[in-house]
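Engineer:
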Amino acid sequence: MILSNQMYKWATDLFPLNRSLTGEDNLCTLKYLQQIIPQLKIKYFKSGTKVYDWEVPLEWSVTEAYIEDQYGNKIIDYKDNNLHLVSYSEPIDGYYTLSELKPHLHTLVDQPEAIPYKTSYYKRTWGFCLNYIQYSELQDIKYHVVIKSKLFVGKMHYGELIIKGKSDKEILLSTYICHPSMANNEISGIVVTTALAKELSSLNNYYTYRILFIPETIGSIAYLSRNSKTMINKTLAGLVITCVGDNNNYSFMPTRLGNTYSDLVAKYVLNMYTQSHIEYTYLQRGSDERQYCSPKINLPIVSIMRSKYGTYPEYHTSLDNLNFISKEGLFGAYEIIFKFLNVIEHDRIYEPLYTCEPQLGKRGLYNISSNQDSDDLINLIAYFDGKTSLLEICKLISCDFFMSLKIIDKLLENHLIQRVK
Numbered sequence: 040m041i042l043s044n045q046m047y048k049w050a051t052d053l054f055p056l057n058r059s060l061t062g063e064d065n066l067c068t069l070k071y072l073q074q075i076i077p078q079l080k081i082k083y084f085k086s087g088t089k090v091y092d093w094e095v096p097l098e099w100s101v102t103e104a105y106i107e108d109q110y111g112n113k114i115i116d117y118k119d120n121n122l123h124l125v126s127y128s129e130p131i132d133g134y135y136t137l138s139e140l141k142p143h144l145h146t147l148v149d150q151p152e153a154i155p156y157k158t159s160y161y162k163r164t165w166g167f168c169l170n171y172i173q174y175s176e177l178q179d180i181k182y183h184v185v186i187k188s189k190l191f192v193g194k195m196h197y198g199e200l201i202i203k204g205k206s207d208k209e210i211l212l213s214t215y216i217c218h219p220s221m222a223n224n225e226i227s228g229i230v231v232t233t234a235l236a237k238e239l240s241s242l243n244n245y246y247t248y249r250i251l252f253i254p255e256t257i258g259s260i261a262y263l264s265r266n267s268k269t270m271i272n273k274t275l276a277g278l279v280i281t282c283v284g285d286n287n288n289y290s291f292m293p294t295r296l297g298n299t300y301s302d303l304v305a306k307y308v309l310n311m312y313t314q315s316h317i318e319y320t321y322l323q324r325g326s327d328e329r330q331y332c333s334p335k336i337n338l339p340i341v342s343i344m345r346s347k348y349g350t351y352p353e354y355h356t357s358l359d360n361l362n363f364i365s366k367e368g369l370f371g372a373y374e375i376i377f378k379f380l381n382v383i384e385h386d387r388i389y390e391p392l393y394t395c396e397p398q399l400g401k402r403g404l405y406n407i408s409s410n411q412d413s414d415d416l417i418n419l420i421a422y423f424d425g426k427t428s429l430l431e432i433c434k435l436i437s438c439d440f441f442m443s444l445k446i447i448d449k450l451l452e453n454h455l456i457q458r459v460k
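Following our numbering, the numbering of the sequence shown begins with 40 at its first residue and continues without gaps.
1) From K157, F423, D415, T281, pick the residue whose C-alpha is nearest to that of L144; which is it?
2) I106 by DSSP, collapsed to three states: which one?
3) For M40, which of helix, strand or coil comes out of DSSP?
4) Quick one: using the 10 Å Cβ neighbour count with 16 as the cut-off for buried, is I41 buried or exposed?
5) Tell me, please, which residues DSSP counts as bridged to M292.
6) To the nearest angstrom, how far is the alpha carbon of P339 from that of Q150?
7) I'd like to know whether the C-beta atoms of M58 and I216 end up nearer to each other than 8 angstroms.
8) Going by beta-carbon coordinates alone, are S301 and Y245 separated by less than 8 angstroms?
9) Check for me: the alpha helix (DSSP H) holding K268 runs from which residue to which?
10) Please determine, among N286, L211, T281, I229, the residue with the shortest C-alpha to C-alpha distance to I250.
11) Decide if F291 is buried, meaning its Cβ has at least 16 other Cβ atoms within 10 Å, or exposed.
12) Is it buried or exposed for N243, if we count other Cβ within 10 angstroms and need 16 for buried?
13) Check whether the Cβ atoms of W165 and V125 lie closer than 8 angstroms to each other.
14) Assess contact between the region 420 to 435 and the region 387 to 396, defined as three or more Cβ pairs (one per stretch) separated by less than 8 angstroms. Is contact present?
15) Suppose the cutoff is 7 angstroms on Cβ atoms and the five residues either side in sequence are ignored; what does the same chain contact list for Y127 look like?
16) For I202, which residues in the same chain have their Cβ closer than 6 angstroms to its Cβ, ignoring the five residues on either side in sequence?
17) Whose C-alpha, out of N112, E353, H454, L380, is nearest the C-alpha of R402?
18) For a quick check, are the C-beta atoms of F363 and N223 less than 8 angstroms apart?
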């Protein structure tokens, strides 16, 4: 499969970059994506910009970070794995005893081979992460700590793509670009969203698509501070796309009240087109649905994931690497999300042009293909009332939405129904 190979290649290329809330590698990520989807616009917020109750942080850059023992042996080096350095660590160059160093070290006793992922975005400090095996072997000697980093007034970059459709009603696709080398909880969302954006850019869409590549939390807050009025008026449905690369069951994160059009479509697609999935509640949220669904914003944004963030042991560790995701996992998520979008694109309301049950046989419509098709046809015409949407009907009668579209075409050809909206 060409697309699955492409997505995994994109993932391999983007995986090594040290993304954070800000920084050169965020910009490098966006420039890479711009080569695939040239219409993508790279924009930014300046450090210090007030965005609701928050403030855009200083820009952070790092060129070197390591710990060496008193004999000059490097025991931890950021260049070996960017998870070794706590994101947003301030610069440091000093000597520490083991007891002085340990408060700045992070490890996972229960996962002795994993390097944890840690950040300190809003508190000035520094730190290193290492696996527990390495941590337990540290000797009670002096250590030289070097972090060549900078925190300065700069920019927080993000990517925005608006694909115009026939309608100005919008579908939002949002993913984040703020984690370093983690495959499922970062790269998978980026590459699946990129594949969707590339495909949608080539289609004659009914709806307009707003596609975002932003830093998580502060990025969505900043973007909403600039665009919320438009989005509140225009957003019909949407997804936060994250954790979509592994081969595990699908997961669903609803909106705050779980009663939006996005909830309806996502549940239908997952029930109809996946073998099984796990439904979570909004109380188990953890990504940008927090911002998009907040009370004064209240956008209809859900998440369709593979393994939900925070539920798999590899999450936020070095074990969330390219071996944890797969071509099949990425492509499967792409297909399910594309079905979600296609249902929305083709969901309409129809009303009957007949009174009582129409005579199907004289139109050659009875037993049009199979018994199932006949059952679906008979059930569909029983529910067309000019008020109930095609998706709602398909859900009621357990009909494949995309099969129903073929039946719709035949009914329209025979002037038995007409589209209301």
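We put the beta carbon where it would ideally sit given N, CA and C, even for glycine.
Structural biologist: Reading it off the structure:
1) K157
2) strand
3) coil
4) exposed
5) S342
6) 37 angstroms
7) Reading off the sequence shown, one finds Arg at residue 58, where the question assumed Met. The answer is yes: Cβ separation under 8 angstroms.
8) no
9) 257 to 273
10) L211
11) buried
12) exposed
13) yes
14) yes
15) S59, W99, T158, S159, Y160
16) L239, S240, Y248
17) H454
18) yes
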